[in-house]
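Below you'll find the structure, written out as structure tokens, and then a few comments.
Chains as they are written, first to last, in our numbering: chain A, 3 to 372; chain B, 3 to 372; chain C, 3 to 372; chain D, 3 to 372.
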């Protein structure tokens, strides 16, 4: 019996939930604290309704655009997610190949489970996500490796002075299985992530050891002077911070609350997207991250002012469900859905989508009377 | 044991859900994507509360009005719905007869399962719904046939460059049964709708083959020059588009998101009804479509600025439940409910209803405490 | 085993639901149409939060006030409800005695199941509710009887040109049992209410026969000239109508949607209470009706501008639960709750309550995460 | 088998609910009336979202602050709660020791189950909560005892002219078990709280006997002249009342609706927090009380204008779950969560948190479609 082809990312999610070990599912799906922000991310996207335009010729439309200085087949990039091998043995390599075929950038994480050089060797356009390691030498080494491996942008994560309180991982005493490692880091730097314990998350413990909690705008300025790659700051929410980033010559900001995994109670990113756009004008790109689950969500984000979006968890779902082919299905669904939504909204391009009017309506309550 | 007489359209819906084959029910009931807009259509109507006026003589009221230049017994027309024979062997003929008896226009669809000439022969006032077929000759032929058969208006659907992603139909591999055909089209043009397949909707495949995705305002202007019939544009949401339509001499616009079957995430039509009315003033009529399930909904629409409404799915429910008699019950319930609501709101006519004040309140959540 | 003393009107409601025959329960509890307005009435009250004041001496408070020109123990009157004998053999007599003991006015309905003279003979302050019967002689006779029996006000119901579509009653084929009659009317006038039938409500059929659907402001003016009793108009929602009433010298208006039993989709009365108050200033009293279920609800209404409230269904619950004693418990609970709420809000009187600030907040949704 | 360490106050709550006798659980958990305000307190906090700032050095942050003139380890004080011994034999002594270790003030209640002198002997910084007893001599005696025992502030409760209608307690006929007494009061004054009865709460009956319902601002002025201790008024909601308090030289106001236990229907305190802050400026401190269940809630309160918060029920949960150690866990969790939230929001101190922007969004409804 062949498995039915997934028709939406929710189909892929259900499959992944069924096949992943529970503690890995929790690591992927969970948020911090009471998961308030995790739920709010989805609700905030659900609340956005579009006012489509009609009778425009949409027969020759394209989802193609420019993302951080390079062409992309659609305004979507794969978000940095740690340890893809938790979902599938081929991990980041499979996901990067899927991204290459879909024509979208793949973001290799500092905490990827394959070394960056192997990821870029897939031929995918690769952005490198940088955590600001306490160890300056190792940090600079990572940047040089990313440059030499051919990465086309550096994405600095700015919202993780340490890892948020992800209760699921702590309850599970989550630690990496032996075969999954932080492949970009020296063994010493990465090994803490393997030490399981009760009442703690080994991954969080590792972060606390390795990441610098005193990262500031001065470090961003320093980074700007250190590399010629485009710089993306991921984890901005306050429009004032977006403006500061633009002022420092950053090429893009990712408006994000880290998928509800850092500050629980943080505002949904899409809520502040329009303000972030206004704050930076056209001096840098604005990408949205958090809760994107369909081409409709991409269109909503564009209409609210984004140049593009990042998609994280769904790639992991795809890997878990069916390896490289599953990852490709996820990106293929997003492409098909976005193409459909663009056309039905009367838009021939992402640029057209930026002119769509939106209406905010709360998600309807279930009916009180049946 | 006689079946209880339905007291509301919800009663008819339950009966239809019980008797229709599941894949036909899904074809009728479903929306596109996550069915966000499908649900929002209902919620948006539920949110509208009326401020009735008292102590006006409502003993001599009438629901009669003019719809697209002709008198109607109430401000309701039967919406175009494809393939009525899916619900009942007498399909459009039964529904048209019911419409005639109710004194309201019946819209014959391009994709009707009886030919237009047989439908007009029922004596119903008939509007012909036109999909902009790629094949110009066939398109012009349809228009001439509609004119010659005595249709009193042409309704051009403008929101279907192709069919939206209706996941229920794709999951079901929905295709027309052998006895149901697109009776207005040549066999070649219609046959694709019969080819069932896994992971696809044959009806959507047919649409993709036959419909023109490059329909623009220029085509509307051309159509205006092609026929002397009144022209109705169905599928307008943006008030700017309503204004463009009025500017081209269109006689009516149907503010509609195609019952949540095209762009999922599109705004509920009633949300923009007032703006559409303001945009066109009295230069053309404004009809509302999507989610009308009671006379109260008709009254809500009038109070928000509509000249009338279209009702689609409920006619199919009626056909499924009890053929022509079921369709008649549906229109009879709407008439009775509207008459009741008009009078209780202190209105002697639909024109009075246009002056009613409305209040918007979210649908109440279920109680947290019992 | 003794039954526990009810601590809230909800306790009484549960008891009544358990003991009343289902079709009587439905007649009492139901609303019209989809019962949208019935639910919204409660939600609208639940949404009102109070800002209490502190450190005011509330040791000598009183709930006493003036209602339609006479003193009352609290700003509450018993609403007109038809056929109390459906709930208890002593019907209106038991309820009126309870009202007398509670010190609040009792409204005797045109459709009461004891004659008005027997009701006033209980010693209760009695208002007479008048339906505008088609039969002018009978109408005038009712007014004279009310005057002669010692009623202290005439309450004209203005929102019932006919009975709303109460689907529960129609489904139940509801008719009065033989022992319950419209005791104020001649047998001919009342007998229609006893003819049970399938797919209809005998009570609604009776109303259609007897009530005048052409009641207008002119009739109100006529009534003003016909009686020296204070006149109350019940069923006003639009502030413009409240102003018209005040202009005709009416003594009080009851802002009401008839407990959600007439126009389904009508706005909750409390939503427009403040506007009604502004519209009439102090030229007439403003009473709220619909959904009052606690002393807190009374306080909310006062804070929103009411001089008092009507309470209907709960009295029937009390009668059903425990006859006269049950009705007394209902009024006793309201008195105790109002006294408590007044004091805790820093108010020594209903007049103080009129100065309380309110805040509107939607009823909280149940939590998405447990 | 060791019990899992609680990771959130909700974990502690579940444990307490499992181990406390039902009538004690109800006494602790319940609110007044329909518990509208009890639920709204939580919803109002859940609705507050934070806009964190990034790239600020948060490595050297501290939650330390000043509360009512004395340093505290975090902006949290233990709220006054009656009769801690209901939860654990060591009652207030265990809780006070936990507070001492956490570095936060403990509020000893007039109705504490250990005498104030034993509580201050734990070494905890202790505020004394004063109910305005009718018996002036006893009242003054309590104040002198508090001063002599070394209390550092007097907290006058101003929202209890009598106890609200807590239906759970009345249903349960709740009374103190023999081993729990109002240890600060003479036997005569306290004994009423022990007389169980059906259909009443012995604790409420005691309150009605002992507390003065005629407390006014004049008494506050008198108290100001009676003691040199800082004075805190607990139970203010109206900003005008906050201003009056500040004008009388009060040192702090606790914006509170008594945890939903007094006026049901009272506005959630956090809703008016900002206005209270504006009303008093920096002339006195503003503390929030009611529904605080996490460090995130503390941060939300600070961002809305509070100098700190009170936490009540969770301490009782801690005591019930694990005595002194459980109370310590509760305060430890709050400290860890607040430290985490401060840092992730880009704040190095509570003062920084006061500058955070907040966004209000309704708690998302559960999805209509799964």
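Cβ atoms here follow ideal geometry from the backbone N, Cα and C, with glycine treated the same way.
Fair warning: this is a prediction, and the values are worked out from it, not measured in the lab.
Starting from the Cα of residue i, find the closest Cα among the options and give me that residue.
i, options, result
"residue 37 (chain A)", "A:13, A:170, A:120, A:321", "A:170"
"residue 23 (chain D)", "D:308, D:90, D:193", "D:90"
"residue 82 (chain A)", "A:75, A:93, A:367", "A:93"
"residue 305 (chain A)", "A:333, A:286, A:360", "A:360"
"residue 348 (chain C)", "D:97, D:268, D:358, D:54", "D:268"
"residue 301 (chain B)", "B:345, B:279, B:164, B:181", "B:345"
"residue 365 (chain B)", "B:8, B:187, B:42, B:339", "B:42"
"residue 185 (chain B)", "B:35, B:60, B:117", "B:117"
"residue 321 (chain C)", "C:195, C:59, C:96", "C:96"
"residue 319 (chain A)", "A:298, A:333, A:308, A:307", "A:333"
"residue 130 (chain B)", "B:172, B:138, B:98", "B:98"
For residue i, does the count of other Cβ atoms within 10 angstroms reach 16, so buried, or fall short, so exposed?
i, result
"residue 14 (chain D)", "buried"
"residue 167 (chain A)", "buried"
"residue 73 (chain C)", "exposed"
"residue 372 (chain D)", "Any reading at residue 372 (chain D) must be qualified, since the residue scores a pLDDT of 43, below 50, and its modelled position is unreliable; the value itself is stated next. Exposed: under 16 other Cβ atoms inside 10 Å."
"residue 189 (chain A)", "exposed"
"residue 227 (chain C)", "exposed"
"residue 127 (chain D)", "buried"
"residue 3 (chain C)", "Low per-residue confidence applies at residue 3 (chain C): pLDDT is 49, beneath 50, and the placement is therefore not dependable enough to give any value."
"residue 65 (chain A)", "buried"
"residue 330 (chain D)", "buried"
"residue 220 (chain B)", "exposed"
"residue 7 (chain D)", "exposed"
"residue 206 (chain D)", "buried"
Name, please, each residue of chain D whose Cβ falls closer than 9 Å to the Cβ of residue i.
i, result
"residue 51 (chain C)", "38, 39, 42, 267, 268, 269, 270, 273"
What are the start and end residues of the beta strand (DSSP E) that includes residue i?
i, result
"residue 291 (chain D)", "287 to 291"
"residue 209 (chain B)", "Note, residue 209 (chain B): premise wrong, no beta strand (DSSP E); alpha helix (DSSP H) at 204 to 212."
"residue 310 (chain D)", "310 to 313"
At which residues does the alpha helix (DSSP H) containing residue i begin and terminate?
i, result
"residue 276 (chain B)", "275 to 282"
"residue 140 (chain C)", "138 to 151"
"residue 14 (chain D)", "11 to 21"
"residue 120 (chain A)", "118 to 122"
"residue 242 (chain A)", "241 to 249"
"residue 358 (chain C)", "It is not in any alpha helix (DSSP H) - residue 358 (chain C) carries neither H nor E in the DSSP assignment."
"residue 304 (chain B)", "297 to 305"
Whose Cβ in chain A lies nearer than 7 Å to the Cβ of residue i?
i, result
"residue 264 (chain B)", "346"
"residue 173 (chain B)", "9"
Under 9 Å between beta-carbons, which chain A residues line up against residue i? List them in chain order, please.
i, result
"residue 204 (chain B)", "Near residue 204 (chain B) there are no residues of chain A at all, since even the closest Cβ is about 16 Å away, more than 9 Å."
Find the residues of chain D that neighbour residue i, judging by a C-beta separation of less than 8 Å, and give them in chain order.
i, result
"residue 240 (chain A)", "53, 54, 55, 56, 359"
Could you name the residues of chain D that residue i contacts, counting a contact when the two beta carbons are closer than 7 Å?
i, result
"residue 363 (chain C)", "42"
What does residue i touch in chain A if you count any residue whose Cβ is under 8 Å from its own?
i, result
"residue 163 (chain B)", "60, 61, 345, 346"
Below 8 Å on C-beta distance, what does residue i contact in chain B?
i, result
"residue 169 (chain C)", "9, 10"
- Using a Cβ cut-off of 8 Å, which residues of the segment 305 to 320 of chain A contact any Cβ in chain D, in chain order? none
- Query: Of the residues that make up the segment 208 to 223 of chain B, which ones have a beta carbon closer than 9 Å to any beta carbon in chain A?
  - Reply: Along the segment 208 to 223 of chain B, going in chain order, the ones with a CB nearer than 9 Å to a CB of chain A are 214, 215, 216, 217, 218, 219, 220, 221, 222.
- Message: Beta carbons nearer than 7 Å to chain D: which residues of the segment 57 to 82 of chain C have them?
- Response: Residues passing the 7 Å Cβ filter: 57, 58, 59, 60, 61.
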